[in-house]
Structure formats: C-alpha cells, structure tokens
Amino acid sequence: MYHPRELYPSLGAGYRLGPAQPGADSSFPPGLSEGYRYPDLDTPKLDCFLSGMEAAPRTLAAHPPLPLLPPAMGTEPAPSAPEALHSLPGVSLSLENRELWKEFSSVGTEMIITKAGRRMFPACRVSVTGLDPEARYLFLLDVVPVDGARYRWQGRRWEPSGKAEPRLPDRVYIHPDSPATGAHWMRQPVSFHRVKLTNSTLDPHGHLILHSMHKYQPRIHLVRAAQLCSQHWGGMASFRFPETTFISVTAYQNPRITQLKIAANPFAKGFRENGRNCKRWELFIHSFMRSTNVY
DNA sequence: TCAGCTACCACGTTTGAACCGC
DNA sequence: AGCGGTTCAAACGTGGTAGCTG
Numbered sequence: 001m002y003h004p005r006e007l008y009p010s011l012g013a014g015y016r017l018g019p020a021q022p023g024a025d026s027s028f029p030p031g032l033s034e035g036y037r038y039p040d041l042d043t044p045k046l047d048c049f050l051s052g053m054e055a056a057p058r059t060l061a062a063h064p065p066l067p068l069l070p071p072a073m074g075t076e077p078a079p080s081a082p083e084a085l086h087s088l089p090g091v092s093l094s095l096e097n098r099e100l101w102k103e104f105s106s107v108g109t110e111m112i113i114t115k116a117g118r119r120m121f122p123a124c125r126v127s128v129t130g131l132d133p134e135a136r137y138l139f140l141l142d143v144v145p146v147d148g149a150r151y152r153w154q155g156r157r158w159e160p161s162g163k164a165e166p167r168l169p170d171r172v173y174i175h176p177d178s179p180a181t182g183a184h185w186m187r188q189p190v191s192f193h194r195v196k197l198t199n200s201t202l203d204p205h206g207h208l209i210l211h212s213m214h215k216y217q218p219r220i221h222l223v224r225a226a227q228l229c230s231q232h233w234g235g236m237a238s239f240r241f242p243e244t245t246f247i248s249v250t251a252y253q254n255p256r257i258t259q260l261k262i263a264a265n266p267f268a269k270g271f272r273e274n275g276r277n278c279k280r281w282e283l284f285i286h287s288f289m290r291s292t293n294v295y
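For the first sequence, UniProt numbering begins at 1 and goes up steadily by one.
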C-alpha cells in the first residue's frame, strides 16, 4: 500500500493537482478524461507513486495525461440532489453519514479553519459500489466554492455580505489507501476524516486552503488507475452531495452548530453537560430556549 | 468600535510502544 | 520465538476564551 504522505513528504496529506481556476467557470467540461493536465505532478513523482502497481509499464518519459478534476463551481448554485459526473459506468457512491450531515445542514453547517489545520466534522464518509474488484483506484477529495459571495452571520442566519475573495490554490486530498483495488474500497465505507482545512495561504502541510466566511462544498473523485501509463487513465467519477455544503469560519457563529458539534463529536465530550463547562452549557440551553420561545 | 483571527488552555480520544502471559 | 491481549503515556483533536489586529 502506498501512502501519499510517504511519497510526497514535502507536501503533506493533500496535493495540488491543478492550477486555480480563475473566475467563475460554472460548468463541468464535457469530457472528463482528456484535455487537462496537472503540471504540479511531474513525471518522476507520478512514477514513484505508481511504482508498485501491477503491470504498470514504467514508460513515463512524457507527462502522462492525468485525470481531469472538474473546475470549481464558481457562481454555480449547489445542486439540490447528489450529483455525479463520471466515465466509470455502474459506479455509485452514497454518503454513509447522511443523517448527521442533514442535521447539521438544517442548521447551517460551519467548519472551523485554523492556521495549523482543522479536521472536518462531520467528515465525508462514503460507500462505493460497482467498482472492478481487481482494478486499482484512487480516492480524492477537494473542496470548492459554491458561489461568488462572502457571508456574514446576522444573529439568526447567514447572509451574503459582498464579493468572495479571489480563489486560492486548488488542493486535493488523496485518501491514504490510494491506490487500492476496487475490492478494498468496496469492503467498507471510505472515510475522509483526516482531511484538514486551513486558512493559511502559505500552508506547508498540504491541507486544503479555504477563505473564512465563504460557502464551500466537498467533492469526491474516484480515479481508475489501471491504465495509468497508457495514453489515458482508466476513467474518473466525481460526486458531490448537497447536504455537505458548509461555511468556513475561524470561530463558530451559530450557537446551535456549536451545540451539535459538541453533541456529535467524540473529541468534544469534555464540553458536554457533565463536562467541565456544565454551567456554561446550562446557561446556553436556557438562553437558547428563551430565544426560541420555548419558555 | 467591532468583526474576525490567533494563541493558549483543559479535557477527552486515539494511537502505538512496551509489557505480559500463553 | 511468535502471537494476542492489556496497559499507559504521548500525541492529537476539541470548543472556549482573552487578547490582538485591521
């Protein structure tokens, strides 16, 4: 098994696969497997990455055509239903923790971003079907802007408050099990819980770089690697789920999101009712109930 | 003045090395 | 010697908060 962190130690867990897409390209290109190259992944790196793969001819003198990651949504609104664009017939993805995501989404999901990098919670956890058990695949995740606006918390809800900051360098998180066989990926749900988000534009760790107070959506890409060293990759599929849209923040704005995170995230158990912040929690519950006219 | 950001804190979870018994 | 189970400390991941910044 090849772990990207070992192969690209200088880049950390996430890798930039392509140039930033300037402006607001609002549509996926018609063809997913051609016409787009990733200069950051040069031949030696790719060769190293693939060196242990079965029947992979090591003839990578020229830059191989790399999989096309669809550009960011730009000003495109988030889709209202799970969306998939792919050239991998029969392959489908489902969001394992959809109910949890829906719960957060109904309140307005916020994700903390820090200079050092913060994990996403909930994390993207998917199960995949329809893969060729023998073929090898890579699982990738990136996060793209949903629209061209900056947001502001107005006490009760998020509202657009101006134009979005210029787009940051695109980075992609490669699942550490990649590349692995279809049988491996289908054996159990694939979790991206180690993905970290940062607001540091100079981040050296390879975390996904986001602007604070902007709306984003994760995308999951599946790349078949079986024919990597031929002229084309074996195909690619991209998936996104509307309930995973979130707003990046450096501190939680909506107290209900804080409450949900504390209740659902095991790492935040110390902040629950019987934790050290019991009194604070009580005060919050009382004020929350008052504000929602429960009293 | 104030919204947003950062560093630090205390607490809980996870991880992996060390140890032990079979 | 090798394997599997247990223990425990260090590392890591949390939200809260005070203070800083533009």
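Just so it is clear, CB atoms sit at the ideal spot from N, CA and C, and this is done for glycine as well.
Could you please give the first and the last residue of the uninterrupted beta strand (DSSP E) stretch that includes F246? 246 to 249
Straight-line CA distance for F121 to V128? The straight-line gap separating the alpha-carbon atoms of F121 and V128 is approximately 21 Å.
Does the region 184 to 197 touch the region 98 to 110, meaning 3 or more C-beta pairs lie closer than 8 Å? no
Give every residue of the same chain whose Cβ lies closer than 7 Å to the Cβ of L131, excluding the five residues on either side of it in the sequence, and list them in chain order. V91, Y137, G182, W185, M186
Between the region 194 to 202 and the region 109 to 118, do at least 3 Cβ pairs fall closer than 8 Å? yes
Exposure label - K215; buried when at least 16 CB within 10 Å: The residue is buried, with at least 16 neighbouring Cβ atoms inside 10 Å.
What's the C-alpha gap between A268 and G234? 42 Å
N-terminal and C-terminal residue of the beta strand (DSSP E) that P176 is part of: That residue, P176, is in no beta strand (DSSP E); it is neither H nor E in DSSP.
Does DSSP classify H214 as helix, strand or coil? Note: H214 maps to strand in three-state DSSP.
Which one or two residues does DSSP pair with I112 in a beta bridge? V249
Mind checking which residues open and close the alpha helix (DSSP H) that includes K261? 255 to 264
For Y36, which three-state DSSP category applies? A caution first: Y36 carries a pLDDT of 25, below 50, which makes its placement in the model unreliable, though a value can still be read off. Coil.
Name the DSSP beta bridge partners of A180, please? Y137
Do you know whose CA, among R156, L141, P166, A135, lies nearest R150's CA? P166
Kindly identify the DSSP beta-bridge partner or partners of M236. V223
Just reading off the beta strand (DSSP E) that L93 is part of, what are its end residues? 92 to 95
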